[in-house]
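Number of protein chains: 4
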Amino acid sequence: MTSLNKRKIINDPVLGFINIPSDFLHDLLQHPFVQRLNRIKQLGLTSFVYPGAQHTRFLHSVGAMHLMKEAIEQLRSKGNEITDEEAEAAMAAILLHDIGHTPFSHSLENVLIKDFKHEKLSLLLIEKMNAELGGKLNTAIEIFTNRYRKTFLHQLVSGQLDMDRLDYLIRDSFFSGVREGSIGADRIIKMLNVKNDELVVEAKGIYSVENFLIARRLMYWQVYLHKTAVATEKMLCHILNRAKELCAKGKTLFASPALLYFLQNANKENLFASDPAAINYFLLLDDSDIICALKVWTTHEDKVLSLLSCSFINRNLFKVKISDTPFEEKIIAELKNSYVQELGVSPDEAHYFYNEDLIRSEAYNPQAEHIKILYNNGEVKDIAEASDILNRQMLSGRDRKFYLCYKLPVAEQSFDG
Amino acid sequence: MTSLNKRKIINDPVLGFINIPSDFLHDLLQHPFVQRLNRIKQLGLTSFVYPGAQHTRFLHSVGAMHLMKEAIEQLRSKGNEITDEEAEAAMAAILLHDIGHTPFSHSLENVLIKDFKHEKLSLLLIEKMNAELGGKLNTAIEIFTNRYRKTFLHQLVSGQLDMDRLDYLIRDSFFSGVREGSIGADRIIKMLNVKNDELVVEAKGIYSVENFLIARRLMYWQVYLHKTAVATEKMLCHILNRAKELCAKGKTLFASPALLYFLQNANKENLFASDPAAINYFLLLDDSDIICALKVWTTHEDKVLSLLSCSFINRNLFKVKISDTPFEEKIIAELKNSYVQELGVSPDEAHYFYNEDLIRSEAYNPQAEHIKILYNNGEVKDIAEASDILNRQMLSGRDRKFYLCYKLPVAEQSFDG
Amino acid sequence: MTSLNKRKIINDPVLGFINIPSDFLHDLLQHPFVQRLNRIKQLGLTSFVYPGAQHTRFLHSVGAMHLMKEAIEQLRSKGNEITDEEAEAAMAAILLHDIGHTPFSHSLENVLIKDFKHEKLSLLLIEKMNAELGGKLNTAIEIFTNRYRKTFLHQLVSGQLDMDRLDYLIRDSFFSGVREGSIGADRIIKMLNVKNDELVVEAKGIYSVENFLIARRLMYWQVYLHKTAVATEKMLCHILNRAKELCAKGKTLFASPALLYFLQNANKENLFASDPAAINYFLLLDDSDIICALKVWTTHEDKVLSLLSCSFINRNLFKVKISDTPFEEKIIAELKNSYVQELGVSPDEAHYFYNEDLIRSEAYNPQAEHIKILYNNGEVKDIAEASDILNRQMLSGRDRKFYLCYKLPVAEQSFDG
Amino acid sequence: MTSLNKRKIINDPVLGFINIPSDFLHDLLQHPFVQRLNRIKQLGLTSFVYPGAQHTRFLHSVGAMHLMKEAIEQLRSKGNEITDEEAEAAMAAILLHDIGHTPFSHSLENVLIKDFKHEKLSLLLIEKMNAELGGKLNTAIEIFTNRYRKTFLHQLVSGQLDMDRLDYLIRDSFFSGVREGSIGADRIIKMLNVKNDELVVEAKGIYSVENFLIARRLMYWQVYLHKTAVATEKMLCHILNRAKELCAKGKTLFASPALLYFLQNANKENLFASDPAAINYFLLLDDSDIICALKVWTTHEDKVLSLLSCSFINRNLFKVKISDTPFEEKIIAELKNSYVQELGVSPDEAHYFYNEDLIRSEAYNPQAEHIKILYNNGEVKDIAEASDILNRQMLSGRDRKFYLCYKLPVAEQSFDG
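Residue numbers (the numbering used here), protein chains in the order written: chain E, 2 to 418; chain B, 2 to 418; chain C, 2 to 418; chain D, 2 to 418.
Spelled out as structure tokens, the structure:
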């Protein structure tokens, strides 16, 4: 690991004092791509429901790096070889894993950039940094993309029990105030081991893993997919889609240059490959561009845009209904009709005032690699098999709900976290 | 108190579940003037030093209202008469006490609006709300402005031991991670009483009051006046002053309409009295306008503006020195000269790259009303007299430092909270 | 409720300041039967594994009373009628629910008193207090014994989601340091309601109930049934059984009068009914009698007694093995034989040095009344049906393990909580 | 440092998971002298006021050892040489520093053993262990007794800012629930350094040191010297003194052999030197012997003994008055007289029912070595000079109160922590 001349400590209310372990990692932390994460909230619009949840992706990334350091120390103490170079690369990989995030939330990815996921964009940006740094991020990129020969290092960065998830569960629980979502990350880390190049949890940690999965699911339904947060997100998507539509029609619209660029180019194929300017605009885009524009749009001449922006800014949120079965078409048709009547919008525009969809908890993804439990006799079992408490339904991923959100004449606030 | 049909609970990571005590208070909470506080960080640029400190003035205001409720219950249980109407008014007053805040920090007040303090603006906005609400805030305004006959109610809103201070100390300590700044707000509240219409603390609470003053001072030097936070604030003031200068010269500058308005009108006398539009622009102004503009200014043709904006956005902050005595003029002259030489700016522009000033902890203000201790025999003493541990120097307000901050050729990051 | 002249506050590290709500409850708190609980640890021998877990049944009882107060306020706010007298009775019932506890743990009940459970003894003592107090505990007794017409009050005292369980989960989690065992008791209480005279949880609290059951199970296996704690408990039972045997043989044994009484009378039928002195001895018996005796017994001439006492006092605990299936008789026979050989004890005495048994988590008891979930449409479902995550196996109560604990030549310490 | 075959972790609710750093330290932890501390409460009778404060000297010792490890790592990272052997010795020294404690509290030292302080007894016991261990504790003993050439190691074990004090402040604050007593031990440790072989705190840690001293003083008056705790302690001293008197008169008294030994020999000169059995009795003496005896004494024929024991066991505590000046002799005389009249005791016995004394906070002892602050320019200042907030009075040690405690006809409970 590179020497440490720049002694830096970050005071994290969640994990305590965090030492930045090396000068190289310190330089990464200082890089504008990482500093940008200071301007992107970790939980996006969830702060509309949980007003304490204002924490940023920056601090989450630093926290995940810190847990990575602890996990590596733990694995080493059990005889698993991890070189200093590998350790630094794994920490770099997790520190950078979120740099490709759009403002606010995953939902905006599809609205602002065609066919793009933040993981792909993160990689693109890491590669750009790597070029700047003369290849110093080579190993980190191999670990990030799971091309490094030690698979377990990738699993620590991105897997069912990675340091990303451990950090965000405790962090989101801490800042939202939903204390039941907290987990014993330190205990889970103490139980980690490697078997046949795969990350495993020692058998006596099984209760902690069960608790982790339950807490994760609780956080999904109570926080990440809180109906009001989802409705707000849909509202924002509608607003931006409307803005895109107005742009396409040649209407004038206040927006920062970066936001304007994406409103105008959101539907282009392969944007980042075809236009070198795209990435620079992306790096200037964060939560503030969106908020700043919406405030101005509250008085825009387009009724749909101003109505929705007004509702958003003043927190007159969509009303939400949840159901185990899809909503009847009749209800939707009635809604549509009422907007045409009451708001004086065209039938084509009415869809901007409601949204119906299926939401799905991703507490555990059985399609991805599984959490493995290591028994004293050397046997390894899948958690789905090892746990005698968790329902297969959850572990099989069928954990979902239908919801319908829609504008009310006089919307009601709902903070009831 | 008005009846409660809208049962609302806010989940506060600091104080736990907060019940909104009445429909009227709930409506105030929903008011756009209060919702705007969701977009203004409580600690402004301190998050550059303590990245967890992203909490907003909104949640602080709600927290202070909650402590007010507890204080009122406590005072009532000791036989002090407080009517339901007074209780609601006191809670309204503290809920609204911060609505006149500019983005980021007190320092910006003077930069964006000539001769105006946020307290004055808060009052202006509360009066505007009162007109809308048909006088329902009359009592709240009397309490806020200390014209209500029960003085102690005003002291709970604004005094040396008010609910504002109690809330922000524990809250800022919680989110910054500086745990020593925390205090026993619940214990202090339990010790409150009223004597001769003045708020007093019962004698056995004296240790908690001493602890409160020490914690407050610690927070001043370690957080509120952290040298890096102060330097960042000065940097931002310089940037906005430069932007104002460019505006005055007729240069084009990207900014939201609200920010642009203040850049163009910041130096007008009696702005709010002379231009009715001013208040509307103010209500649209928050942290996002500033951040959004600075990002665009990083590529502005004016070298001073772009250099400073770049430093700010990428966290290449001013270097800071602290001293018990003023800095020598020679040092300043050398600094100035070096900027002319190295940056190629004019001698007139060089002052944008440094700042020297005196900073002062306001842990206890002996010029304002004093904290009073009530003894079992009915005697009341000033804390300065009652405490046998606190130094008169601190209680006499002479707690200050000189500092000098300035741009470095290659700036260094300083997270060391 | 009786008036409150005696303003008393207890500082609880877990729940914060607890106000004793009435003079009557304050007097109960001061009663020697309740004060005795200050000398009985809540988690008994678990402190051998989790050295922080030294908290007493007294503070637990006070905490449960406090949660009862909050639950009652919540239920009242939803329109359920609970008179002041009922409220005080329910609080009295839960404050007194544990006063019949023997020292250390449930296991000792059978060793020290024939055919007696602590619940029965608690009732006997409450009735004794009631006689002293001229019938003031009549309603409390009806609630405690489920003979009061409002069933839900009994369920708050003793049920699958009673205030006893809520308090001990958060308390035991807090003091043991097993933070994953913590639950959102405040959230669960906020979701409580009454339907058809039964305690129910509102549907949106289902995640918290699931979390409660998982946390409870985690606490069972990780804390309450921690193999080392169970082994230590068995060790203590063996020691006391040996002491009883020696008493029966007329051997002299140091013990406090109270402990000596039970060693001599433990096997009598209907002890409390037949001997009025029994209850007085019981009231003088607590953890200190046991510890005090064992220290003296470390040098007793009886080899079995001194060997075991020495191991206990110096924490040379039994070794434990856990299995999903019963242990083979052969293994046991070998163990027995080795003790005869190595320790020089008789084949009859060898059984004192090991124990095999079945342990069972009681996270949820499907034989008892069920946790009921109340939906918005008024429907009530059993949690086993309502939860789509919890495995029926757990909810059907088949959550158990076989274990074998035995003396090692040189025992090993095991703190690994 | 010796190798680590015995991987042991202790779960501490205050400091989290604590790894025992070496096999040697693990063996010390297992030693009966250290295990005994599991049976001695850290705060003695303070649990009569703060019922959560049941934590033991064992966990405190382990915690202090853990902080020592962190302090050593910190000092090493700043270039101060500390060998592995020295590190282990310093950790051993602090782990063992309390093994000479009598049950309950320092006050009992003088009652049970003539002219003996626990520090002296700790050293005696460490030397006994050292003999057993073939000299392996030689360096630890040199550090403990300040005969080792690196003075700062002794200061970490015993000084104004030692790991003992850091641990007990946060621990006692945590378990009592007096949260204001908590300090930023991690921050102080991060600021430690060594200058001229003396432990110093770097200048930017001065606020934390001030906070530490204020918190320490708050804990003294609010917890350690809480008037009810002090009164209870005096009550216990009186009880044991009466028991000694009865023993001397040849009266029969129930007590464990260990307690009986000290009751009979408490007044002998040089007990430990003259009687080899003394130390063995001492090692068997802990809180349980005292409690167990007092319960039996509640029915002793001696009125003084039974009255006081009854009051103690049933928590009918002495009433306490506090004053800045000594109490008048007249008041005392009246008290004495009333006991003769009301209780029917002789004038000679009346003194058992009250106590007057001077209590003194030891927050900072200016007679001992001072806390030193290290400035960036290498200068070292005493905290009394460096701090501009703390009153010299406190730093000069004149922080004291007179108190008088006495039996009431019907005593009142006082939990008001």
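Cβ coordinates follow ideal geometry from the N, Cα and C atoms, glycine included.
Three-way DSSP call (helix, strand, coil) for residue i in this model
| i | result |
| --- | --- |
| B/Lys-269 | coil |
| B/Leu-44 | coil |
| D/Arg-150 | coil |
| B/Tyr-404 | strand |
| C/Thr-3 | For C/Thr-3, the predicted model reports a pLDDT of 37, less than 50, meaning its position is unreliable; a value from the coordinates is still stated below. Coil, per DSSP. |
| B/Ala-412 | At B/Ala-412 the pLDDT is 37, less than 50, meaning the model places this residue with poor confidence; the figure from the coordinates comes in the next sentence. In this structure, B/Ala-412 counts as coil in the three-state DSSP scheme. |
| D/Leu-254 | coil |
| C/Lys-420 | Chain C is shown only over 2 to 418; residue 420 of chain C falls outside these bounds and no answer can be derived. |
| B/Leu-286 | coil |
| B/Asp-358 | strand |
Neighbour flag for residue i against chain E, beta carbons, 8 Å
| i | result |
| --- | --- |
| B/Ile-292 | yes |
| B/Pro-258 | yes |
| B/Leu-247 | no |
| B/Leu-264 | no |
Beta carbon proximity, residue i to chain C, threshold 8 Å
| i | result |
| --- | --- |
| D/Tyr-365 | no |
| E/Ile-390 | yes |
| D/Asp-13 | yes |
Below-8 Å beta-carbon distance, residue i vs any chain D residue
| i | result |
| --- | --- |
| C/Lys-296 | yes |
| C/Leu-126 | no |
Below-8 Å beta-carbon distance, residue i vs any chain A residue
| i | result |
| --- | --- |
| D/Ser-106 | No chain A appears in the structure shown, which is made up of the protein chains E, B, C and D. |
Neighbour flag for residue i against chain B, beta carbons, 8 Å
| i | result |
| --- | --- |
| D/Tyr-376 | no |
| D/Ser-209 | yes |
| E/Glu-327 | The displayed chain sequence assigns Pro, not Glu, to residue 327 of chain E. Not an interface residue. |
Anticipated Cβ contact below 8 Å, residue i with residue j, distance rounded
| i | j | result |
| --- | --- | --- |
| C/Phe-319 | C/Met-236 | 6 Å |
| C/Gln-161 | C/Glu-380 | About 19 Å; that fails the 8 Å criterion. |
| B/Phe-25 | B/Glu-89 | 6 Å |
| E/Phe-273 | E/Leu-125 | 6 Å |
The segment 208-220 of chain E in contact with the segment 376-395 of chain E per 3-pair CB rule at 8 Å: Contact between the segment 208-220 of chain E and the segment 376-395 of chain E is present, because at least three Cβ pairs lie under 8 Å.
What are the residues in the segment 212-242 of chain E lying within 8 Å of chain C by C-beta distance? Result list: Asn-212, Ile-215, Ala-216, Arg-218, Leu-219, Trp-222 and Gln-223.
Below 8 Å, how does it come out for the segment 77-92 of chain C and the segment 57-66 of chain D: are there three or more Cβ pairs, yes or no? The answer is no - the segment 57-66 of chain D does not touch the segment 77-92 of chain C, with fewer than three Cβ pairs under 8 Å.
Is the segment 278-285 of chain B close to the segment 322-342 of chain B, with three or more CB pairs under 8 Å? No, they do not touch.
Residues of the segment 33-65 of chain C with a CB closer than 9 Å to any CB of chain E: list them in chain order, please. Look at the segment 33-65 of chain C: it has no residue with a C-beta under 9 Å from a C-beta of chain E.
Taking one C-beta from the segment 299-312 of chain C and one from the segment 237-256 of chain C each time, how about it: are there three or more such pairs within less than 8 Å? The segment 299-312 of chain C vs the segment 237-256 of chain C: in contact.
When Cβ atoms are compared, which residues of the segment 16-30 of chain D fall closer than 7 Å to chain E? Listed in sequence order: Gly-17 and Phe-18.
Within 9 Å of chain C by C-beta, residues of the segment 174-190 of chain B in sequence order: Taking 9 Å as the Cβ-Cβ cut-off against chain C, the residues of the segment 174-190 of chain B that qualify are Asp-187 and Arg-188.
Is the segment 213-232 of chain E touching the segment 307-317 of chain E in the sense that three or more CB pairs, one from each, lie closer than 8 Å? With the rule of 3 Cβ pairs closer than 8 Å, the segment 307-317 of chain E does not count as touching the segment 213-232 of chain E.
Quick test of the definition: if touching needs 3 or more C-beta pairs under 8 Å, does the segment 285-295 of chain D touch the segment 288-299 of chain C? Yes, the segment 285-295 of chain D is in contact with the segment 288-299 of chain C.
Does the contact criterion of 3 or more C-beta pairs under 8 Å hold for the segment 18-32 of chain D versus the segment 43-54 of chain D? Short answer: they don't touch.
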